Amino acid sequence: MAKRILTGDRPTGPLHLGHYVGSLQNRVRLQNEYDTYILIADVQALTDNFEHPETLGANLFEVALDYLATGLDPDKAKIVVQSMVPELTELTIYFMNLVTVATLERNPTVKDEIKQRNFGRNIPVGFWSYPISQAADITIFKADLVPVGEDQLPMIEQAREIVRRFNSLYGKVLIEPKALLGQIARLPGTDGGAKMSKSLKNCIYLGDSSETLRKRVMSMFTDPTRIHPTDPGHVEGNPVFTYHDAFNSNQAEVEELKERYRKGTVGDVEVKQRLFETLETMLAPIRERRAGFAAKPAQVREIIMEGTRKGRATAQATMEQVRHAMKLDYRFDRG
Ligand code: ATP
Ligand code: MG
């Protein structure tokens, strides 16, 4: 059997540069080798957006456009809508018995996200326990590999623990997945924050117009200690240079800009202008392909439905094995 990939995104907005370097690039590269499933995790997105479920449908479509625009081929990578695979809910419930409260409370990514959202003690149980449902997402597709950003490593570890526990209790049915980090494991936000994230509004989106892209780059956070272009500046921890390192393939130019920035012989405006040009070159074809698919919504919906149909069939096959292993296939109907 071909090895499998499962990964995905929450439909909380269109996809951004962080997704691109953190996960999308690897998905596109590996779709020829792996049987690939890409989950649009609307049920997980509900865990902190349950007051506005009406936003998910439109965002789901935007995320699908980003997939197609960046080169995911629907004949190879199946786009699957999480809420249309009810087997995931069933597996999540079984997994809940295999995880302790203490383990959930230790998850460093969830801890950070709880802080960001100011939940305090009023954390919805659904949000707090989403690493369990994410383990179901990964394992129901029997994924070997999960291309993700660094924030997801604790989730993969949680999934691995659950698989070990399940397999030792009930028999070897599930596969222990491995994480695959992207070229940049965690891209900072345009505001200098540790992570570009849809929920933090510090993003450059893959579908941004040229004008919006220019505005977002020109207003990026740089070195707050530098007031005049002639002041020596800091390159480390400066997101403009982190983006140059990530996206500008002209290494000599990046080194030269860094050198001049440190000496105070280049202004922020020029460094940002060069970054804008680099990103514009990279994003223009993606933007164009995106617009092409956006003009054919019926075709995109068809791609999503077909991917989901195949994904569900895979999930159902795994659940038959799960129920059998757990001795839940009672067969009362057979007398
Ligand atoms: P949200 O704010 O709704 O959580 P998000 O921007 O964190 O959105 P997700 O849908 O949660 O995006 O993440 C999807 C995938 O993209 C995950 O594998 C995640 O690790 C990766 N990813 C997201 N942001 C970044 C980033 N800034 N750098 C690297 N990888 C990222
Ligand atoms: Mg996230």
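Counting in this note's numbering, the final residue of the sequence shown is number 340, and the numbers go up one at a time with none missing. Heads up, the beta-carbon is just placed ideally off N, CA and C, and yes, glycines get one too. In this text the structure is predicted, and so the values were computed from the model without any measurement.
Between the ligand MG and R122, a heavy atom-to-CB distance of less than 8 Å is absent.
Our two residues, D78 and Q36, have alpha carbons roughly 8 Å apart in a direct line. In this structure, the beta-carbon distance from L22 to L192 falls below 9 Å.
Contact holds between the segment 311-319 and the segment 75-89, because three or more Cβ pairs, one in each stretch, are under 8 Å apart.
Relative to the ligand MG, the beta carbon of K116 is positioned no closer than 8 Å to any heavy atom. With respect to K277, M331 sits apart: the two C-beta atoms are not nearer than 9 Å. For P152, the secondary structure class from DSSP, reduced to helix, strand or coil, is strand. Taken in chain order, the complete beta strand (DSSP E) segments of 3 or more residues contained in the segment 160-192 are 183-186. Taking C-beta atoms under 8 Å as the contact rule, L218 and E285 qualify, at a distance of about 6 Å. F298 and E155 have their alpha carbons spaced roughly 30 Å apart.
In the three-state DSSP reduction, A199 falls in the coil class, being neither helix nor strand. Secondary structure note for A69: its alpha helix (DSSP H) is the uninterrupted segment E59 to T75.
Across the set E282, L73 and H239, the C-alpha of E282 shows the shortest separation from the C-alpha of E258.
Contact between the segment 265-275 and the segment 234-243 is present: three or more C-beta pairs spanning the two stretches fall below 8 Å.
When distances are taken from the beta-carbon of S204 to the heavy atoms of the ligand MG, the shortest one is below 8 Å. Residues P237, G238 and V240 of the same chain have their beta carbon placed closer than 7 Å to that of R267, with the five preceding and five following residues left out of the count. The C-alpha of T323 is placed about 15 Å away from the C-alpha of S138.
The ligand ATP never approaches D213 closely enough for any of its heavy atoms to be under 8 Å from the residue's Cβ. Nearest in C-alpha terms to V130, of all of E110, I143 and A140, is E110. In the three-state reduction of the DSSP assignment, H239 falls in the coil class. Put simply, the segment 174-183 touches the segment 142-156. At least three CB pairs are less than 8 Å apart.
If you check the C-beta of D196 against the ligand ATP, you find no heavy atom less than 8 Å away. Per DSSP, L211 lies in no alpha helix (DSSP H) and is assigned neither H nor E. Counting the other Cβ atoms within 10 Å of the Cβ of Q321 gives fewer than 16, which makes it exposed. In this structure T94 is exposed. Its beta-carbon is surrounded by fewer than 16 other beta-carbon atoms within 10 angstroms. The closest CA to that of A50, considering only P19, E59, R15 and T41, is found on R15.
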